[in-house]
Amino acid sequence: MDPFSVTAGALGITGFALSSINNLRNLIDGLKEARDVLQDVTSNLEAIQLPLSALEGLQISDRTTYDETKNDLENTGVAEAVNNCGQACAEFTKKLEQWTKHSSIAKLSLRDRLSVGLWNKEKIQTFRTHVSSCQAIVQFAIGGAQLFILIRSENASTTSREETKRQLLVLETSIQENTELIKRKQDEALQRKKELESPEDEDEDDDGGAQRALAIQETEQQSRVLEAEQTASKAVSQVLSKLTFSPVATTYHNRFSGSNTGIQVGHSTGTINFTSTRP
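According to UniProt numbering, the sequence shown is numbered sequentially starting from 1.
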């Protein structure tokens, strides 16, 4: 029987989202000023694309494990995160093309454009939050799925099993550190919202008030994106909590409810490397 693979499309990730992410990355790479100002964005976009490519290389020989892996990935909300990120990338691509279409000394630099105006500053922050949150969700969700498959494989050598155990510990640590980072970002967004709701200039004009109201909406959107990231991290943690390492014969097992004791399956064609922190 041919091995199963969990494709991006099978999870509900759209081709539009994938192409939008790729198009923005290519656009930024082709613009020196954009590369300098948006280095964090390009790094996160690459960190989204690599695990999605690795996903295509995951080979699962057992239907039961395929179904469980697919279900776990769906529960993390990875498809929604990538699709939302793709939409945000498409919108930002249009803005970036507009801002960089013509250049002159009289016009604002890209760095200035990204920092001028209350609404614009928060809107850019919302975009960065979309991208960084998507990166974390993709990394954790697909990394967790890969480890789930590897741990259920009986064909791995003792060395491979030890490496898988190490990767599991690194992933668990990364999720915990990311949870703390999310909390800090949520606090920062809440603080900015409070500051926007209490303007220093009580005599600002209608346009300034409208910009402030829109900026407040952006901070609320950032909080929602971060909440989704937190939910996804919890879902991955729940998947990992089912996995145990038995010291007996140095064999990995999966702890199931009911009568299932673990059908050994397939292999992966690559390893996703985890980082314990992200910007």
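For every residue, glycine included, the Cβ atom is placed at its ideal position computed from N, Cα and C.
Using a C-beta cutoff of 9 Å, does residue i count as contacting chain E?
i, result
"Val-82", "Absence of chain E from the displayed structure is noted, only one protein chain being present."
Below 9 Å between beta carbons: does that hold for residue i and residue j?
i, j, result
"Ala-81", "Ala-189", "no"
"Ile-13", "Leu-52", "yes"
"Thr-100", "Leu-110", "yes"
"Val-41", "Leu-55", "no"
"Ser-20", "Ala-90", "yes"
"Thr-65", "Ala-141", "no"
"Leu-243", "Phe-127", "no"
"Lys-193", "Thr-164", "no"
"Ala-86", "Ala-17", "Checking the sequence shown, residue 86 turns out to be Gly, not Ala. Against a cut-off of 9 Å, the Cβ pair of Ala-17 and Gly-86 comes out as a contact."
"Gln-59", "Ser-132", "no"
"Glu-97", "Leu-11", "no"
Classify residue i as buried or exposed, calling it buried when 16 or more other Cβ atoms lie within 10 Å of its own Cβ.
i, result
"Gly-57", "exposed"
"Glu-229", "buried"
"Leu-169", "exposed"
"Thr-173", "exposed"
"residue 301", "In the structure as shown, the chain starts at 1 and stops at 279, and residue 301 therefore has no counterpart that could be examined."
"Gln-176", "exposed"
"Glu-200", "exposed"
"Gly-210", "The sequence shown places Ala at residue 210, not Gly. Under this definition Ala-210 is an exposed residue."
"Gln-146", "buried"
"Glu-122", "buried"
"Arg-184", "exposed"
"Glu-68", "buried"
"Gln-139", "buried"
Just to confirm my understanding: we take residue i, look at its own chain, exclude 5 residues before and 5 after, and list those with CB closer than 6 Å. What are they?
i, result
"Val-239", "Asp-72, Gly-144"
"Asn-120", "none"
"Gly-9", "none"
To which residues of the same chain is residue i closer than 7 Å at the C-beta, ignoring the five residues directly before and after it?
i, result
"Gln-186", "Ser-223, Leu-226"
"Leu-214", "Trp-119"
"Thr-129", "Gln-222, Val-225, Leu-226"
"Ile-216", "Lys-193, Leu-196, Glu-197"
"Val-248", "Reliability of the predicted coordinates at Val-248 is poor, the pLDDT of 37 falling under 50, and the value obtained from them is presented with this limitation in mind. No residues qualify anywhere along the chain."
"Ile-124", "Leu-114"
"Thr-7", "Glu-56"
Excluding the five sequence neighbours on either side, which residues of its own chain have a C-beta within less than 8 Å of the C-beta of residue i, listed in chain order?
i, result
"Glu-46", "Arg-25"
"Ser-160", "Leu-150"
"Thr-93", "Ser-20, Asn-23, Leu-24, Leu-27"
"Thr-179", "Gln-230, Ser-233"
Span of the alpha helix (DSSP H) holding residue i?
i, result
"Lys-111", "According to the sequence displayed, residue 111 carries Arg and not Lys. Its alpha helix (DSSP H) spans residues 110-113."
"Gly-86", "78-100"
"Ser-20", "15-29"
"Arg-35", "32-37"
For residue i, which beta-bridge partners are listed by DSSP?
i, result
"Phe-140", "Note: Phe-140 sits in no beta bridge, so no partner."
"Phe-4", "Ile-60"
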